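Below is one structure; the comments refer to it alone.
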Amino acid sequence: MVGFTNRMPHWLEVLLGERFFNPCTIHETAKKNEKNIFCLDCCSSFCPQCLPLHRPHRLLQIRRYVYHDVVRVDDLEKLIDCSFVQSYTTNSAKVVFLNERTQSRPFRGSCNACRSCDRPLQDPYLFCSISCKVKLLLGSEGGLKRELRECEFLPLPSSCELDEGQLTPDSILESASATSSGSSAGDGGGAGARATRSTAGTESLAQRRWSAAGRPSGPEVVNRRKKGVPTRSPLY
1 MVGFTNRMPH
11 WLEVLLGERF
21 FNPCTIHETA
31 KKNEKNIFCL
41 DCCSSFCPQC
51 LPLHRPHRLL
61 QIRRYVYHDV
71 VRVDDLEKLI
81 DCSFVQSYTT
91 NSAKVVFLNE
101 RTQSRPFRGS
111 CNACRSCDRP
121 LQDPYLFCSI
131 SCKVKLLLGS
141 EGGLKRELRE
151 CEFLPLPSSC
161 ELDEGQLTPD
171 SILESASATS
181 SGSSAGDGGG
191 AGARATRSTA
201 GTESLAQRRW
211 SAAGRPSGPE
221 VVNRRKKGVP
231 TRSPLY
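Counting along the sequence shown from 1, when you hit position 62 you're at 62 in UniProt numbering, and nothing is skipped either side.
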């Protein structure tokens with residue numbers, strides 16, 4: 001996170017640099033003592049056993065998916081615009097990765113890729129994680145500030161103590177059309193309209209890149225029909 005901490009809110013800097021799901025040093029012998037809750041007011045992580053001390057604060061639950069930290073889009077959208085960050089639907093929840101994931105080898109294909117780390121993405125997403133989007137926005141004047149949102153109240157779900165945050169490995173890539181329609185329907189068009197205005201240039205750029213590659217706008221579905229069991233012709 002070195003290099004752009006001066007222009008980043010302190011809570012966001014700590015959130016992207018924090019290591020979650022380590023055992024809590026205060027409750028070493030307790031069950032479910034992994035630190036999977038982040039307090040925006042204290043800028044620290046803690047386990048569910050420490051929750052009573054932070055109840056009045058703004059809290060964000062971190063979940064674990066394929067050994068990486070993810071956050072529900074519904075929760076994170078109250079703090080920062082998640083538009084054009086690739087999302088996944090798993091355990092009936094739409095989530096995004098907090099940080100970029102290490103790639104075994106560099107991507108050299110011609111299809112859509114993350115604007116920051118070149119990880120392959122589903123079109124027309126531009127970022128694989130919140131961290132990648134933040135890095136790019138910090139390179140433009142006032143870019144990150146326009147994406148941040150004021151949030152004075154961010155409670156945890158009532159079932160947080162029972163939720164270990166471990167998501168099953170099966171997931172579904174969230175299509176861009178579903179993301180757009182879900183955002184506009186959930187906020188009555190207010191936040192969705194703001195997101196559309198703030199990312200209009202980015203969206204047109206993604207569309208131009210996709211058109212230049214000569215690829216279709218949606219996933220191709222190939223209908224292959226199975227052949228029947230071969231039969232021999234009768235002998236006369």
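Think of the CB as a built atom: it goes at the ideal place given N, C-alpha and C, for glycine as much as any other residue.
All values derive from a computational prediction rather than experimental measurement.
>> Alpha carbons only, please: which of ALA93, ASN33, VAL71 is nearest the one belonging to CYS47?
In response: ASN33
> Where DSSP assigns a beta bridge to TYR65, which residues make up the other side?
Replying inline: HIS68
> Within this structure, are the beta carbons of LEU59 and PRO155 separated by less than 8 Å?
Replying inline: yes
>> Give me the residue from LYS135, CYS151, ARG149, PHE153 with the minimum Cα distance to ARG7.
In response: LYS135
>> Can you check which of these residues, GLU150, ARG105, LEU126, is closest to ARG115 by C-alpha distance?
In response: LEU126
>> Short of 6 Å in beta carbon distance, which residues of its chain neighbour ASP69, apart from the five on each side in sequence? Order them along the chain.
In response: PHE20, ILE62, LEU98
> Just how far apart, CA to CA, sit SER131 and LYS31?
Replying inline: 31 Å
> Out of curiosity, what's the CA-to-CA distance linking ARG105 and CYS117?
Replying inline: 12 Å
>> Let me make sure I understand the geometry here. Which of THR29, ARG64, GLU13 has the alpha-carbon closest to that of CYS39?
In response: GLU13
> By Cβ distance below 6 Å, which residues in the same chain neighbour VAL95 in space, the five residues on each side in sequence not counted?
Replying inline: VAL70, ARG72, TYR88
>> When you compare the CB positions of CYS128 and GLU147, do they come within less than 8 Å of one another, or not?
In response: no
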